[in-house]
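Taking it in order: structure first as structure tokens, then the write-up.
Below, the structure is given as structure tokens:
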């Protein structure tokens, strides 16, 4: 994607060049500030909803594209001889000089905690309802509808963790009418 910056001087106010692996359910908060504090109307959350979106080379591009489409007086990308280009992995955030926006901060809200930081192993076994026939006592699932992690209770309740029919949401973790008979919430 290529865009050119509008007339005026553009100041760098932040960057999207993190090399962080994100997982389904994680979110990135982009917060904009002026001299008075946070600009709540411009700040936003970007939810990771697929493995592709969480890749270190993907999410900075998706967030830059979101900024360019939805945030006035702010652009994101990599400055080249051809103008501003939204790049993979490394993008700068710019604000039009005189608009009052002074900085942008990126914050990560990761629900996929790692046992060993070097391995990037998520804190859940499956994203609900994938491979639901494998659910048994102790299996942890990420429920995309709530963004929370649930652990299958021990027998005899574990029999309700398996999804037998897609049209039977009674025991669906966090949202089904009787979910707490089969599941225990493990993330806040």
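In the working numbering, the protein residues as written are 880 to 1067. The beta carbon of each residue, even a glycine, is placed where N, CA and C say it ideally should be.
Per-residue DSSP class, three states only, for residue i
i            : result
residue 1035 : coil
residue 1063 : strand
residue 891  : strand
residue 1012 : helix
residue 1021 : strand
residue 967  : coil
residue 921  : coil
residue 1029 : strand
residue 1003 : coil
residue 975  : strand
Host alpha helix (DSSP H) of residue i (start-end)
i           : result
residue 945 : 938-949
residue 932 : 930-933
Best match in the options for proximity to residue i [C-alpha to C-alpha]
i            : options                  : result
residue 889  : 982, 921 and 926         : 982
residue 930  : 943, 1060, 891 and 1005  : 1005
residue 1087 : 910, 942, 1018 and 961   : There is no way to answer for residue 1087, as the model of the chain reaches only from 880 to 1067.
residue 1018 : 1031, 1048 and 978       : 1031
residue 984  : 1057, 1063, 912 and 898  : 912
residue 974  : 1016, 952, 1035 and 1049 : 952
residue 844  : 963, 950, 1008 and 927   : Lying outside 880 to 1067, the shown extent of the chain, residue 844 is not represented and no answer is given.
residue 925  : 917, 916, 918 and 939    : 939
residue 932  : 899, 964, 1029 and 914   : 899
residue 928  : 955, 961, 916 and 989    : 989
residue 892  : 1021, 935 and 978        : 978
residue 1007 : 976, 1062 and 908        : 1062
N-terminal and C-terminal residue of the beta strand (DSSP E) that residue i is part of
i           : result
residue 983 : 982-988
residue 905 : Taken as a continuous stretch (DSSP letters only), residue 905 belongs to no beta strand (DSSP E), as it is neither H nor E.
residue 957 : 953-959
beta-carbon residue i near the ligand FAD non-hydrogen atom, thresh 8 Å
i           : result
residue 942 : In the structure shown, the ligand FAD is absent, as is every other ligand, since no ligand is present at all.
State whether the segment 1003-1018 contacts the segment 969-979, with contact taken as three or more CB pairs (one from each stretch) at a distance under 8 Å. no
Touch test, the segment 896-904 against the segment 1019-1036, Cβ-Cβ under 8 Å, three pairs minimum: yes
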